[in-house]
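Working notes, structure below.
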Amino acid sequence: MAIWKIRLITLFVVLALGGGTADRALAQKGQKVTATIALPGVQVETLNPYAHSTTQVYPTWKHVIEPLVEWNWSQRKLVPILAESWSNPDPTTWVFKLKKGIKFHDGSEFSSADVVHSYTRILNDPDSKQRSSIAHVSSIEAIDPLTVRLQTKKPDAALAFRLAQRFITNKAAYDRLGAAAADKLALGTGPYKLKDWVRGQWFVVEKVQGYSRSDRRPTVDEVIFRNIPESEVAITSLLNREVDVISNVPPESAARVSGSARIESARTINIMFLGMHSSVPEFKNKQVRQAVNYAIDRNALTKNVLGGFAYPMDAPVGPDQYGYSRELKPKYNYDPARAKTLLAQAGYPSGFEVEFLVPLGQYNKVKDVAEAIGGMLGAVGIRAKIRTQDQDSGFAAIQNGKVGMYIFGRGSVVDPSEYLHQYFRTGVTKRLEHSIPAVDTALDAEQTTLDSAKRLKLLQSAMSVLLDEAPVAWLYQYQGLQGVSNRFDFKANPGEDVYAWDLKPRAR
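Going by numbering that gives the first Met the number 0, the sequence shown opens with residue 0, and the numbers climb by one from there.
In structure tokens form, the structure reads like this:
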């Protein structure tokens, strides 16, 4: 029998048995430790690392290949990974100094040539789905083996944030073997190297001996990323000790996770909001939009409807996201009397009627939330006619500006620039179509301001104006629930990312 078939059969048995007694035992001296992480329906579909655009795939890849920089949740800032430092000699130039002594899994030295190769491939590979993230880059140049210079077509202050998800691969392997063969090797600089992959089933990595970075040094010998899209199946697999970490646990199922496993949670970086499109005549009036904000009891939504598995929002971003400040105002505390007063001042003492679209299929209890919001709005005179639609067609209608009022979410927001431009910059999309000149001015300026302190003030200025103008009502952020085997210590993070180096085997 061919060797590769034996490997697949062996791995299948390991998966079916949950890793076997030896692999599943807690860490002991000289004993191999294996961890299995369930992927909730989003997986590595190809070994071309640039043919992905789904953020849920990036944590899996980061075990093998690494970026120049990354966002650190505890420090709440960008930190160097393969880069030593970076600077901006002028508004359209980025210079990255690279760390010395970094090696790929085959022992070859990491250098600026690999960075140039990787970013060039992102731009030129016909299968690349990451091109837009560095579309403003006009040239990529290796100044010396440890220095890379990027020129942008115009100042691009958020470029470094986007580079946090752009991974560096081995140029020499690509030149020697070609794209397909080099991708199968998946030569990276990460703490793990690729051992096996079967599309739709698993992605297996094993630790690299001598990995130098102490904060992500492997604590597990082998990691199996296993595709389990159904949440109830994932929970059963966790309780049967077949997997060690699962994500996206439905709140109503959280109580099932007990005994040999537990729930770990964190406030996510997804943003739920109520959009008010300018095509509705009443929503052209700022007082009406503010009235909607005062009419909504966010605490009741998160506690009573969502069972405490969400956090009320008081700003366009949450505490774990760049730009958040408790000083962002105004604050929309629940005040139905004030909402009625504002409606009367706006010329609608008897309220008005509006269609309320609720896309179904992605957000937990979103219909229940919408019905609760409908009741709150009705109490102040706004009669919301709820209409449900499937997620895809509902989103298409929102994108095309064909929805008067809707509840929706924006996921994976770290730096808010892209999201703020996407929804609130005049002329960018049809999702809301409110034109707010002060927001346009601040957002245009922040995109071209490379001084981080000045840029932060510009982002906060834009968000303060948005709070006052109220084109949307920011609602809540979900609590991300992950099930974790009691074999390991693990702390959830706002990105809901699972990294093997964060799994600490517990002693018996």
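Glycine included, each C-beta is placed from N, C-alpha and C at the ideal position.
Just checking A383 against the ligand FAD - is the residue's beta carbon closer than 7 Å to any of the ligand's heavy atoms?
The ligand FAD is not part of this structure, which contains no ligands at all.
Going by beta carbon distance, what residues of the same chain come within less than 7 Å of F103, once the five residues before and after it are set aside?
Walking along the sequence shown from the start, residue 103 turns up at place 104. Here the set comprises F109, N169, L186, G187 and T188.
From E221, Q476 and R75, pick the residue whose C-alpha is nearest to that of E205; which is it?
Reading the sequence shown from its first residue, position 206 is the one you call residue 205. That would be E221, whose Cα lies nearest to the Cα of E205.
Helix, strand or coil at T45 [DSSP, three-state]
Along the sequence shown, one-based indexing puts residue 45 at 46. When secondary structure is reduced to three states using DSSP, T45 falls in the coil class, being assigned neither helix nor strand.
Counterpart residues of F351 in DSSP-defined beta bridges
Within the sequence shown, the letter at position 352 stands for residue 351. DSSP lists I381 as partners of F351.
I'd like the list of long-range same chain contacts for T447, defined as Cβ closer than 6 Å, with 5 residues on each side in sequence excluded.
Locating residue 447 in the sequence shown gives position 448, counting from the first residue. Non-local C-beta neighbours of T447 in its own chain, meaning closer than 6 Å and more than five positions away in sequence, comprise P154, ordered along the chain.
What are the complete beta strand (DSSP E) segments, minimum 3 residues, inside the stretch 217-265?
For the beta strand (DSSP E) assignment, the uninterrupted runs of no fewer than 3 residues enclosed by the stretch 217-265 are, from N- to C-terminal side, 221-226.
Candidates V402, D439, Y405 and V94, of which the one nearest L419 by Cα
In the sequence shown, residue 419 corresponds to position 420, counting from 1. It is D439 whose Cα lies nearest to the Cα of L419.
Starting from V32 and walking both ways along the alpha helix (DSSP H), at which residues does that stretch end?
Sequence index remark: in the sequence shown, residue 32 carries index 33 (1-based). No alpha helix (DSSP H) contains V32, which DSSP labels as neither H nor E.
Count the other CB atoms within 10 Å of the CB of E508; is the residue buried (16 or more) or exposed (fewer)?
What is shown of the chain runs 0 to 507, which leaves residue 508 out entirely.
Residue from R486, P436 and Y477 whose Cα sits closest to the Cα of M462:
Numbered from its first residue, the sequence shown carries residue 462 at position 463. Considering only alpha carbons, the answer is P436.
In its own chain, which residues sit with a C-beta less than 6 Å from the C-beta of S246, not counting the 5 before and 5 after it?
For the purposes of this step, residue 246 is identified with residue 247 of the sequence shown, where counting begins at 1. Contacts found: P39, Q481 and E495.
Pull up the DSSP beta-bridge partners for L388, would you.
Residue mapping note: residue 388 aligns to position 389 of the sequence shown, counting from 1. The question names Leu, but residue 388 is Gln in the sequence shown. Partner(s): P358.
Outcome for L376 when other beta-carbon atoms lying within 10 angstroms are tallied against a minimum of 16
Within the sequence shown, numbered from 1, the residue matching residue 376 stands at position 377. Classification of L376: buried, given that the 10 Å Cβ count is 16 or more.
Looking at P66 and L162, is the spacing between their C-beta atoms short of 8 Å?
Start at 1 with the first residue of the sequence shown, and residue 162 comes out as number 163. Start at 1 with the first residue of the sequence shown, and residue 66 comes out as number 67. Their beta carbons are under 8 Å apart, which means L162 touches P66 by this criterion.
At the level of alpha carbons, what is the spacing between K285 and G322?
Here residue 285 refers to the residue found at position 286 when the sequence shown is read from its first residue. Here residue 322 refers to the residue found at position 323 when the sequence shown is read from its first residue. The alpha-carbon atoms of K285 and G322 are separated by roughly 24 Å.
Whole-Å CB distance - V78 paired with E69, under 8 Å assumed
Position 79 of the sequence shown, counted from the first residue, corresponds to residue 78. Position 70 of the sequence shown, counted from the first residue, corresponds to residue 69. Indeed they touch by this definition, with Cβ atoms about 6 Å apart.
Do you know offhand how far R424's Cα is from I397's?
Looking up residue 424 in the sequence shown gives position 425. Looking up residue 397 in the sequence shown gives position 398. In a straight line, the C-alpha of R424 is about 16 Å away from that of I397.
Tell me whether the stretch 353-368 and the stretch 389-406 touch, counting them as touching only if at least three CB pairs, one residue from each stretch, are closer than 8 Å.
yes
CB contact flag (V207, P190, <8 Å):
As a working note, residue 207 is residue 208 in the sequence shown. As a working note, residue 190 is residue 191 in the sequence shown. Yes.
Going by DSSP, what residues sit across from Q398 in a beta bridge?
Counting from 1 along the sequence shown, the entry for residue 398 is found at position 399. Note: Q398 sits in no beta bridge, so no partner.
Assuming Y362 and G408 are in contact, meaning their beta carbons sit under 8 Å apart, how far apart are those beta carbons, in whole angstroms?
Counting from 1 along the sequence shown, the entry for residue 362 is found at position 363. Counting from 1 along the sequence shown, the entry for residue 408 is found at position 409. The pair is a contact, with the Cβ atoms about 6 Å apart (cut-off 8 Å).
Extract the residue ranges of the beta strand (DSSP E) inside the stretch 65-143, only unbroken runs of 3 or more that lie entirely within it.
68-71, 76-79, 82-86, 92-97 and 136-143
Using a threshold of 8 Å, state whether the C-beta atoms of V287 and A343 are closer than that.
Locating residue 287 in the sequence shown gives position 288, counting from the first residue. Locating residue 343 in the sequence shown gives position 344, counting from the first residue. Cβ distance not < 8 Å, so V287 and A343 don't count as in contact.
Among V497, A336 and L502, the one whose alpha carbon lies nearest that of T54
By one-based count along the sequence shown, residue 54 stands at place 55. With distances taken between Cα atoms, T54 lies closest to V497.
Could you spell out the range, first to last residue, of the alpha helix (DSSP H) harbouring W500?
Counting from one through the sequence shown, the residue named residue 500 turns up at place 501. Neither: W500 is in no alpha helix (DSSP H) and is coded neither H nor E.
Whole angstroms is fine: what's the gap from A254's alpha carbon to S484's?
By 1-based counting over the sequence shown, the position of residue 254 is 255. By 1-based counting over the sequence shown, the position of residue 484 is 485. Computed Cα separation, rounded: 14 Å.
Between the beta-carbon of N269 and the beta-carbon of G393, is there less than 8 Å?
Along the sequence shown, one-based indexing puts residue 269 at 270. Along the sequence shown, one-based indexing puts residue 393 at 394. It is not a contact, given that the beta carbons lie outside the stated cut-off.
Counting along the chain, where does the beta strand (DSSP E) carrying S521 start and finish?
No information on residue 521 is available, as it lies outside the stretch 0 to 507 that the chain covers here.
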